Each structure stands twice: as C-alpha cells, then as structure tokens.
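Peer 1:
Residue numbers (this note's numbering): 206 to 395.
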C-alpha cells in the first residue's frame, strides 16, 4: 500500500514510537475509508502531527527545535482544518504577529546585553588609558565599566527568564489556538 508509505514519509516530524502506533491505527482507518487522494493524505499527515504537538502539555516533552516545528505545523494545521478560511487566516496572522513580537523582544534583549558589554569594555579600556594622566578620571571610567558588568550580571538572568517566559507564552498560545481549531479525531478527508 503506497499511500501508507507516503503518509509515513509525511510523519517524519513525530517520534518513531508515536509514528509506528499512528501507522498501525490508520492503516485500518485508510483501508476502511478507501482514501486515495494524495493531497488528502498529506493534509491528514499535517493534522496528525498537529494533534501530536497539541497533546504534548509539558514543555520538557518538546525540544526547542521541535517547538519551532510545532509553530509551523499548527499554522499548516489551521490552514488544513475545516474552519472558515477567514478565521484560519486571522489565526495565522495572530500567530505570525505574536511570533514577531517575541522575536523582537529577543533581539532587543540581545542588543541591550551587547550594548552593556561594549560600554563596559570601552569604559575599562578608557579608564586604563586615562589613569596615567588623571588618577580620578581613570578610576571613574574603570568603575563605570565594572558597574556595567555588575548590572549585566544582575539583570542578565532576569532578561533570559523574561525571554523564556515570552517564548513559553507563545508556545502556549499556539497550543491553545491549535487545540481550539484543530479538532482531534475530526474527519481528516479533504
């Protein structure tokens, strides 16, 4: 049965044991439904992958690379789901804009960290260069550089935690939208 081989090729994003269970179950399902359209099978595979990710409640179950894949799978699942097309397009736009916000927050945090590091290095180097001409000026600049490093050590973990919280919030939003609009066990035929 070539359609099952094609389905299994589309399910490469699932873990092997989940893929084997799914293939065994849906071998019978496809036989009973006499499903032969390759586009319907591809859509069905996308929905199965989306169902798998929607069932993964614990963030430790899904590695970061799989989380990015989950975002893409949910978007494809939304577009493949039997909801009204404008609603699906609005949900996809919402997900893309939420992803853009999270990425912009990440870029901003990285930029702040880089700026603090540059300020610290420039201040320390300036302080070392100035210390021979003006002791108080050199100590001041070195102090500013060391203070900048101290600020980085204090707020760095907070920034990382904030970035993680934003990304986990995005993942939870994607799962919630996926659970709402991608119905598990729904009719997967095109």
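We put the beta carbon where it would ideally sit given N, CA and C, even for glycine. The model shown is predicted, which means the values in this text are computed figures rather than measured ones.
Select from 379, 296, 343 the residue whose C-alpha is nearest the C-alpha of residue 329.
Peer 2: The residue labelled residue 329 in the question sits at position 124 within the chain shown. Ranking 379, 296, 343 by Cα distance to residue 329 puts 343 first.
Peer 1: Within 10 angstroms of the Cβ of residue 355, are there 16 or more other Cβ atoms? Answer buried if so, exposed if not.
Peer 2: Position 150 of the chain shown, counted from the start, is the residue given in the question as residue 355. Exposed.
Peer 1: Determine the closest residue to residue 376 out of 294, 223, 300, 326, with distance taken between C-alpha atoms.
Peer 2: For the purposes of this step, residue 376 is taken as residue 171 along the chain shown, with counting starting at 1. Taking only the C-alpha atoms, the option nearest residue 376 is 300.
Peer 1: Can you tell me whether DSSP reads residue 302 as helix, strand or coil?
Peer 2: Position 97 of the chain shown, counted from the start, is the residue given in the question as residue 302. Three-state result, residue 302: helix.
Peer 1: Compare the Cα-Cα distances from residue 321 to each of 338, 340, 361 and report the closest residue.
Peer 2: Locating residue 321 in the chain shown gives position 116, where the first residue counts as 1. Of the listed residues, the one whose Cα sits closest to residue 321 is 361.
Peer 1: Note down, in chain order, each residue of its chain lying with its Cβ closer than 6 Å to the Cβ of residue 228, except the 5 sequence neighbours on either side.
Peer 2: Counting from one through the chain shown, the residue named residue 228 turns up at place 23. So the list reads 213, once near-sequence residues are dropped.
Peer 1: Based on Cα-Cα distance, which residue from 372, 316, 351 lies nearest to residue 326?
Peer 2: Numbered from its first residue, the chain shown carries residue 326 at position 121. Residue 326 has its Cα closest to that of 351, out of 372, 316, 351.
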